[in-house]
Structure formats: C-alpha cells, structure tokens
Amino acid sequence: MLGLDISSTSVKLLELSRSGGNFRVEGYGVEPLPENAVVEKNISDVEGVGEAIARLTERCKTKVKLAAVAVAGSAVITKTIEMPATLSADEMENQIEVEADQYIPYPLDEVALDFEVQGPSPRSEEQVEVLLAACRRENVEMREAALELGGLKAKVVDIESHCMQRAFQLVRADFTEEGAEEEDQIIAIIDIGATMTTLSVITGAGAPYTREQLFGGKQLTEEIQRRYSLSVEEAGLAKKQGGLPDDYETEVLVPFKEAVIQQVTRSLQFFYSSSAYDDVDHIILAGGTSSIEGLAGMVAAKLGTPCSIANPFAKMSLSSKVNEGNLSNDAPALMIACGLALRSFD
-1 MLGLDISSTS VKLLELSRSG GNFRVEGYGV EPLPENAVVE KNISDVEGVG
49 EAIARLTERC KTKVKLAAVA VAGSAVITKT IEMPATLSAD EMENQIEVEA
99 DQYIPYPLDE VALDFEVQGP SPRSEEQVEV LLAACRRENV EMREAALELG
149 GLKAKVVDIE SHCMQRAFQL VRADFTEEGA EEEDQIIAII DIGATMTTLS
199 VITGAGAPYT REQLFGGKQL TEEIQRRYSL SVEEAGLAKK QGGLPDDYET
249 EVLVPFKEAV IQQVTRSLQF FYSSSAYDDV DHIILAGGTS SIEGLAGMVA
299 AKLGTPCSIA NPFAKMSLSS KVNEGNLSND APALMIACGL ALRSFD
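Okay, here's the thing in structure tokens:
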C-alpha cells in the first residue's frame, strides 16, 4: 500500500518495500494543494485534493493502486474497554455495536467504528483490553472519494498519532539510553505543520497521548509576506531558499523560533497536567517547520531536554529513482506518510 498523508497544504506519497527486516524507499513525492482545499485537517475541496493525488501518482510512476490514509487524532474518539477473553472477533464486533452508544456521543449510523484487542486485562485474567476507535463517517468518506478521483483505493484509514508512533518505532533504539528499557523512555514527537502543531507522547504503554494546537509554519510565511511585501508564493520560496534582507534573521526568524518554543512548552504542560508524568526523555521535532536551522538546538537549550529532528528513513536503502538530498530535506514531514506505508507489512 502507498502511504498517503493529506495535510493542510500538500499531499505526501510514500512507497516502501521490504526484504527480510530491511525497508527500502521505492518512491515518494509531495504535491501542493489548492488554497483551503483542506482546512484544519478536514477536506473541503474533494476534487482539488483528488487532482493533486492524480498528479502525484503520475509523477511518482507508481503501479500500486491501494493506499493507507489517516484522520487527525482530534477527529477520533478512542476508548479502552474490557471484554470477555472468550469472545471471537465476530462476537466482539456484535457486542461492541450493541454497546457502542455508551461510549460514542454520535448516532451510530454516522460513525465509522473499529476495534483492536490490546492484550490481557491487568485486572482480570478472564478479560481483555480492547481499544475502540470511532470517527464521523464523513471524515472517512471524503478521504475515500478524494483517493478515488486520484485513481487510488483507500484500503486502510488510520489515526495520525498512531502513524507517528509506528514510524518512530523504526528509529526508537537510537533514542534509548544505554542500560534503559525502550518501553521506559517517554518520547514527545512534536509535528509542526503549516497550520497545526500536534504533540504525540509515546510511552511504553498503549496508545499515544495526542493534542493539537492551531499554530504552524504558515505564520512565518505570512510574516515574511507582510514585512517584505511579497506574494504568498514568493514568501514561501524565500523561506525555503533564502535571499531575504539582512534583518530577516533577527526581526522575523528568531521571534518565530521563540513562538515555536512557547508552543512546545505549552503542549508539554498540557500533557503533564493530564497525566502522571512531569518530564519527557527526548523531544523529536517533525513536520516541515522543524527543519528551520538551529531550531532543535534552541528547543534543547530552552527546555533542558535532548531534541532531535525526525528521520524515519535513517536505516533504509533507497531506490535509484529517489533523490537522497530531497528525501533527507523532506524526511521530518514524512513521518505520517511513513507510518501509513508501514501498514503494508502488518
């Protein structure tokens, strides 16, 4: 399956293959979306997104027709419930459908529902813990429709934070201190997109904690636009390629980096106040904005916590048609696409 991440400004496609335990990047691409085609992770222009997907699959020359896509954590209700361990999958499904209205505040015909057995209940040997996930059906149907217009079929609809967690498992060992157990490490992944910043905290146990805030790289683009009287396109290019006046660094970029650090601090404070934790072992920055030079160093210095930039492809080989330099620049923004592409090997 292709991993297809539909974000607020672009569609990212990733195709992975595996031989033995080793993954290889067969192809990837990023295609910009029309303005406001996706607003706060909701598709508002299905045709615009579908056309972008068609251009992307054409350019990547992929023969794969099945894809995995994701919905935002904020669009999903998850609950862990306990059920008798003796039930078969079909019996569980029937029972969940009967009881689901206790857990889900929407009419059942409006939701897409799924569940997965997590393992034995710590409270009773006769019970298992079951993770229940539900989201409004229209969220799933909009994605299916956009993929269909792009010539693909949606085989899996996942949750963004779970994709992050899956992609992170590829490099988890690199962030484990010597002598420590991987499960004991508390890792915060902060994905700074164009308009949204999402914190996913991965602990050894169960599903990741996730929280979204309206903040992203678009604020930097808008500030460049305003200060130097540029169009959106010119500001976006200048942000990536440089060539702005000398005062850009001090007057625009440094204040933006400080705003990022504020958002990171605030997100972590929310996590600490709603969990039993008061610290994380490592911060990983993901998303397009994380590649701003010096940002990881600033976060580490301000928060006193080691900070790295995400690269899920660190241990993968690349096909000859993948440009290594481009992939390494885009890597932090491809965590969700990578987590989706990994669903091929479940």
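Numbering-wise, my numbering puts 275 at position 277 of the sequence shown, and it's gapless, one number per residue.
Positions of the beta carbon are idealized from the N, C-alpha and C atoms, including for glycine.
All figures in this text were calculated on a predicted structure; none of them were measured in a lab.
Three-state secondary structure assigned by DSSP to Thr7: Taking the sequence shown and counting its residues from 1, the one referred to as residue 7 is at position 9. Looking at Thr7 - three-state DSSP - the assignment turns out to be coil, as it is neither helix nor strand.
Residue nearest to Ser5 in terms of C-alpha spacing, selected from Glu13, Gly18, Glu33 and Arg22: Counting from one through the sequence shown, the residue named residue 5 turns up at place 7. If we check each option's Cα against that of Ser5, Glu33 comes out closest.
Length at least 3, wholly inside the region 68 to 151: the beta strand (DSSP E) runs in chain order: 74 to 82, 109 to 118 and 125 to 134
Closest Cα partner of Thr287 within the set Pro304, Ser271, Ala257 and Arg264: As a first step, residue 287 is located in the sequence shown; it is residue number 289 there, counting from the start. Among Pro304, Ser271, Ala257 and Arg264, the Cα nearest to that of Thr287 belongs to Ala257.
Under 8 Å between C-beta atoms of Thr303 and Ile281: Numbered from 1 along the sequence shown, position 305 holds the residue referred to as residue 303. Numbered from 1 along the sequence shown, position 283 holds the residue referred to as residue 281. Yes. Within cutoff.
From Arg170, Ser273, Ile157 and Pro30, residue whose alpha carbon lies closest to that of Phe311: Taking the sequence shown and counting its residues from 1, the one referred to as residue 311 is at position 313. Residue Arg170 is the option with its Cα nearest to Phe311.
Ala83 and Gln125 closer than 8 Å at C-beta: Against the sequence shown, residue 83 aligns to sequence position 85. Against the sequence shown, residue 125 aligns to sequence position 127. Yes, the Cβ-Cβ distance between Ala83 and Gln125 is below 8 Å.
Whole runs of the beta strand (DSSP E) within the region 220 to 288, excluding any shorter than 3 residues: 280 to 284
Buried or exposed by the 16-neighbour rule on C-beta atoms within 10 Å, applied to Val96: The residue given as residue 96 occupies position 98 in the sequence shown. Exposed is the call here.
Residue range of the alpha helix (DSSP H) that includes Phe166: Position 168 of the sequence shown, counted from the first residue, corresponds to residue 166. Phe166 -> alpha helix (DSSP H) spans Glu158 to Gln167.
Identified DSSP bridge partners for Val23: If you number the sequence shown from 1, residue 23 lands on position 25. DSSP lists Leu14 and Leu316 as partners of Val23.
N- and C-terminal bounds of the beta strand (DSSP E) containing Asp189: As a first step, residue 189 must be located in the sequence shown, where it is residue number 191. Start and end: Ile185 to Ile190.
Three-way DSSP call (helix, strand, coil) for Ile200 in this model: As a working note, residue 200 is residue 202 in the sequence shown. Strand at Ile200.
Within-8 Å CB hit, Arg16 to chain B: Included in the structure is just one protein chain, with no chain B present.
Unbroken beta strand (DSSP E) run spanning Arg170, endpoints: Against the sequence shown, residue 170 aligns to sequence position 172. Run containing Arg170: none; DSSP gives neither H nor E here.
Cut-off 6 Å between Cβ atoms - residues of its own chain near Glu210, not counting five sequence neighbours on either side: In the sequence shown, the residue the question calls residue 210 occupies position 212. The answer, listed in chain order, is Ser72, Met194 and Thr196.
Cα-Cα separation between Ala152 and Leu31, rounded to whole angstroms: Stepping through the sequence shown from its first residue, residue 152 is reached at position 154. Stepping through the sequence shown from its first residue, residue 31 is reached at position 33. Cα to Cα, Ala152 sits roughly 19 Å from Leu31.
Simplified DSSP state of Lys39, which is helix, strand or coil: Indexing the sequence shown from 1 puts residue 39 at position 41. The answer is coil: DSSP assigns Lys39 none of H, G, I, E or B.
Val44, DSSP secondary structure in three states: The count along the sequence shown starts at 1 and reaches residue 44 at position 46. In the structure shown, Val44 sits in a helix (DSSP, three-state: H, G or I).
Residues of its chain near Ala339, where Cβ-Cβ distance is below 8 Å and the 5 sequence neighbours each way are ignored: As a working note, residue 339 is residue 341 in the sequence shown. Correct list, in chain order: Met(-1), Leu0, Gly1, Leu12, Glu13, Leu14 and Ala66.
Cβ pair Lys238, Met296 closer than 8 Å: For the purposes of this step, residue 238 is taken as residue 240 along the sequence shown, with counting starting at 1. For the purposes of this step, residue 296 is taken as residue 298 along the sequence shown, with counting starting at 1. Not a contact, by the Cβ cut-off of 8 Å.
Glu210, enclosing beta strand (DSSP E) - first and last residue: Residue numbering aside, residue 210 sits at position 212 when the sequence shown is read from its first letter. Residues Tyr207 to Leu212.
Ser119 versus Glu127, Ser17 and Lys61, residue with shortest Cα-Cα distance: The residue labelled residue 119 in the question sits at position 121 within the sequence shown. Out of Glu127, Ser17 and Lys61, Glu127 has the C-alpha closest to the C-alpha of Ser119.
As assigned by DSSP and simplified to three states, the class of Val297: For the purposes of this step, residue 297 is identified with residue 299 of the sequence shown, where counting begins at 1. It is helical.
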